[in-house]
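> Got a structure for you, written out below as C-alpha cells; questions coming shortly.
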Amino acid sequence: MTPGRIPDRTGPDPGPYPLSDRNTVPQTPTDLRIGVVLPGRESVVERNDYPRHLGELSRKIEQLGYDSIWAGESPLARSRMNPVLALTAAATTTERVQLGTAVLLPLRPPVHLAHELACLDRISGGRLIAGLGSGFSSPATQAEFAAYGIPFGERVGRMRETLEICRALWRAEGEPVSFDGKYYRLEDVALLPVPDQPAGPPLWMAHSGEKMLERTGRIYDGWMPTSTTAAGYAKGWQRVREAREAAGRPESDVTGAVYLSVAVDRTPEKAEETLKAYFGAYYRLDLPTMRTTQGIFGGTPEQVAEWVGGYIAAGARHIVLRLPTPDLHEPSYRAALDRTAEELLPLLRGLA
C-alpha cells in the first residue's frame with residue numbers, strides 16, 4: 001500500500017484504528033452510560049414547530065443527566081428528521097453529552113458520508129458516535145433503498161466499503177486517498193475538515209448477522225443491536241468478544257451497547273397501553289409484531305430497571321433508550337424525559 005492509497009476489497013482489511021488515536025473519554029468495561037433518542041419521527045408527524053425545538057430539547061436532556069443523545073434514520077419508509085442535522089442542532093446547545101446516530105443507513109456516497117460526519121464531529125468537539133446498520137428487510141425499506149438508487153442486495157457490501165473509505169479519508173488528514181473496490185472507486189481524493197477525533201468517530205454496528213458480529217469484534221468500535229431479549233444479546237456479544245480477542249484487541253476497544261424502547265408508568269398495564277398506542281401510531285403495527293424484532297418493555301420503574309438490568313448483566317455498557325409515549329405530541333415526550341430521568345435513571349445507575 002502506497003501513501004494516500006488503501007487496498008482494494010480483495011486485499012487484507014486495514015483493521016481498526018487504535019483507541020489511543022481517539023480523544024474521546026475512554027469507556028472502561030465497568031462504565032455505564034445511558035442515552036435517549038430524540039423524537040425525530042414524532043417531530044415530523046406533528047407538522048408544526050416541533051423540529052425547531054430539537055436543540056432546546058437536547059439541552060434539557062443534558063440537564064436531566066442523560067449521557068448521550070441519539071437520532072435515527074428513515075427518510076422515506078418511516079419519515080423523520082435527518083439525523084445528522086438533528087444532531088447538529090443538539091451539538092450547538094450541549095457541551096457534555098455524546099451524540100450518536102441510531103442508526104445511519106448505507107444510502108450516502110462514501111465521500112459525502114465522511115464529510116458529513118467529519119463536520120458534525122468538529123462542530124460537537126469530538127462527541128460523535130457513528131451508529132450504522134443495513135436496515136430491516138421489509139417492502140418499505142426496499143422501496144426506500146430503490147428511491148436512493150441503491151440495490152437492496154448490495155447494501156451490506158456497500159456499507160463495508162463506505163466505512164473503509166471513511167476511515168481512510170479521516171486518517172489521511174487532508175492528504176489524497178485512492179480506493180478501488182467492488183462498488184466504489186476513488187482517485188486521489190482529499191477531504192477536509194478532518195474529524196475532531198483523530199481516527200474519526202467510533203463506528204458502532206447494529207447488525208446481528210454472524211459475519212457482521214465477527215467483523216465488529218475484529219475491526220469496529222461497538223455493537224448496538226435492538227435485541228429482543230437479554231439472552232439473545234448475551235449470545236451475540238459473546239461472539240463479538242471472541243472475535244475481538246482473536247484479533248488481539250483490548251477489551252476497551254469495543255463497546256457493548258443496546259437500543260431499547262421502554263415505557264415507565266405507575267402500573268405495567270398503563271405502560272402496556274402506552275406501548276400499544278405508540279407503536280400503532282409510529283409503525284402502524286401491533287405490539288406483538290414489534291416485539292419480534294425489537295427490545296420493548298413497559299412497567300413500573302423497578303420492573304423496567306430489572307428488565308434493562310438483564311442486558312447490563314449480559315455486557316451492555318451503553319444503554320440507548322427510546323421513550324414511547326401515549327401519543328406523538330411534544331408535551332408527552334417532555335413528560336417521558338422527566339419521568340425516566342427521575343424514576344428510572346437512578347435505579348439503572350445503581351446496577352453499574
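In UniProt numbering, the protein residues as written are 1 to 352. Virtual Cβ for every residue (Gly too), placed ideally from N, Cα, C.
Do the segment 142-155 and the segment 91-99 make contact, defined as three or more Cβ pairs closer than 8 Å?
Segments in contact, no.
> From what residue to what residue does the beta strand (DSSP E) around THR255 run?
Here residue 255 is taken as the residue at index 255 of the sequence shown, counted from 1. Run containing THR255: 255-264, per the beta strand (DSSP E) assignment.
> Which residue spans inside the segment 282-319 form an unbroken alpha helix (DSSP H) run of at least 4?
As far as the segment 282-319 is concerned, its whole alpha helix (DSSP H) runs of at least 4 residues are 287-290, 301-313.
> How is THR267 classed by DSSP in three states: helix, strand or coil?
Here residue 267 corresponds to residue number 267 of the sequence shown, with the count starting at 1. Here THR267 sits in coil by DSSP.
> Using the beta-carbon count (16 or more within 10 Å), is HIS318 buried or exposed?
Start at 1 with the first residue of the sequence shown, and residue 318 comes out as number 318. Its Cβ being crowded by 16 or more others within 10 Å, HIS318 is buried.
> In chain order, what residues of the same chain have a beta carbon less than 7 Å from the beta carbon of ASP8, not counting five sequence neighbours either side?
Within the sequence shown, residue 8 is the residue found at index 8, counting from 1. Note that ASP8 has pLDDT 42, beneath the 50 cutoff, so the model's placement of it is unreliable and no number is given.
> Quick check: the segment 109-125 against the segment 36-56, are there 3 or more CB pairs under 8 Å?
Counting Cβ pairs under 8 Å, fewer than three are found: no touch.
> Verify whether the separation of the beta carbon atoms of GLY35 and GLY72 is less than 8 Å.
Counted from its first residue, the sequence shown places residue 35 at position 35. Counted from its first residue, the sequence shown places residue 72 at position 72. No, these two residues do not count as a Cβ contact at 8 Å.
> Apart from the five residues just before and just after GLU214, which ones in its own chain have a Cβ nearer than 6 Å to its Cβ?
As a working mapping, residue 214 is identified with position 214 in the sequence shown. These residues qualify, in order along the chain: ALA243.
> Spatial neighbours of GLN294 within its chain, please: C-beta separation below 7 Å, excluding the five flanking residues on both sides.
For this step, residue 294 is matched to residue 294 along the sequence shown. Answer for GLN294: THR226, THR228, SER261, listed in chain order.
> Count the other C-beta atoms from every protein chain shown that fall within 10 angstroms of the C-beta of SER79, then say buried if there are 16 or more, exposed otherwise.
Stepping through the sequence shown from its first residue, residue 79 is reached at position 79. By the neighbour-count rule (16 or more Cβ atoms within 10 Å), SER79 is not buried but exposed.
> Extract the residue ranges of the alpha helix (DSSP H) inside the segment 147-206, only unbroken runs of 4 or more that lie entirely within it.
Complete alpha helix (DSSP H) runs here, min 4: 155-172.
> Note down, in chain order, each residue of its chain lying with its Cβ closer than 6 Å to the Cβ of PHE136, except the 5 sequence neighbours on either side.
Locating residue 136 in the sequence shown gives position 136, counting from the first residue. Counting only Cβ-Cβ distances below 6 Å, and skipping sequence neighbours, we find nothing.
> Taking the straight line between their C-alpha atoms, what separation do you get for VAL25 and ALA314?
As a first step, residue 25 is located in the sequence shown; it is residue number 25 there, counting from the start. As a first step, residue 314 is located in the sequence shown; it is residue number 314 there, counting from the start. Confidence in VAL25 is poor, its pLDDT being 43 and thus under 50, which makes the residue's placement too unreliable to answer from.
> Please report the residue range of the alpha helix (DSSP H) in which ALA246 lies.
Along the sequence shown, one-based indexing puts residue 246 at 246. Its alpha helix (DSSP H) spans residues 230-246.
> Out of PRO202, LEU32, GLU42, ARG241, which has the shortest C-alpha to C-alpha gap to SER332?
In the sequence shown, counting from the first residue as 1, residue 332 sits at position 332. For the residues PRO202, LEU32, GLU42, ARG241, the minimum Cα distance to SER332 belongs to GLU42.
> Output yes or no for whether 8 Å exceeds the beta carbon distance between PRO83 and THR101.
Residue 83 sits at position 83 when you count from the first residue of the sequence shown. Residue 101 sits at position 101 when you count from the first residue of the sequence shown. The answer is yes: Cβ separation under 8 Å.
> Is the segment 272-285 close to the segment 340-349, with three or more CB pairs under 8 Å?
Contact fails: fewer than three Cβ-Cβ distances are below 8 Å.
> Is the segment 334-343 touching the segment 280-288, taking contact as three or more C-beta pairs under 8 Å?
No contact exists between the segment 334-343 and the segment 280-288.
> Roughly how far, in whole angstroms, is the beta-carbon of PRO106 from the beta-carbon of THR162, given that I think they are within contact range, below 8 Å?
As a first step, residue 106 must be located in the sequence shown, where it is residue number 106. As a first step, residue 162 must be located in the sequence shown, where it is residue number 162. Contact flag correct, Cβ pair sits at about 6 Å.
> Identify whether ARG215 lies in helix, strand or coil by the three-state DSSP scheme.
In the sequence shown, residue 215 corresponds to position 215, counting from 1. Correct three-state label for ARG215: helix.
> Buried or exposed for ARG52, going by 16 or more other Cβ atoms inside 10 Å?
Locating residue 52 in the sequence shown gives position 52, where the first residue counts as 1. When all chains shown are included, ARG52 counts as exposed.
> Excluding the 5 residues flanking MET212 on each side, which residues of the same chain have their C-beta closer than 7 Å to its C-beta?
For the purposes of this step, residue 212 is identified with residue 212 of the sequence shown, where counting begins at 1. Answer for MET212: MET205, listed in chain order.
> Am I right that PRO268 and GLY299 are in contact with their C-beta atoms under 8 Å? What's the rounded C-beta distance?
Reading the sequence shown from its first residue, position 268 is the one you call residue 268. Reading the sequence shown from its first residue, position 299 is the one you call residue 299. Yes, they are in contact, since the Cβ atoms of PRO268 and GLY299 sit about 4 Å apart, within 8 Å.
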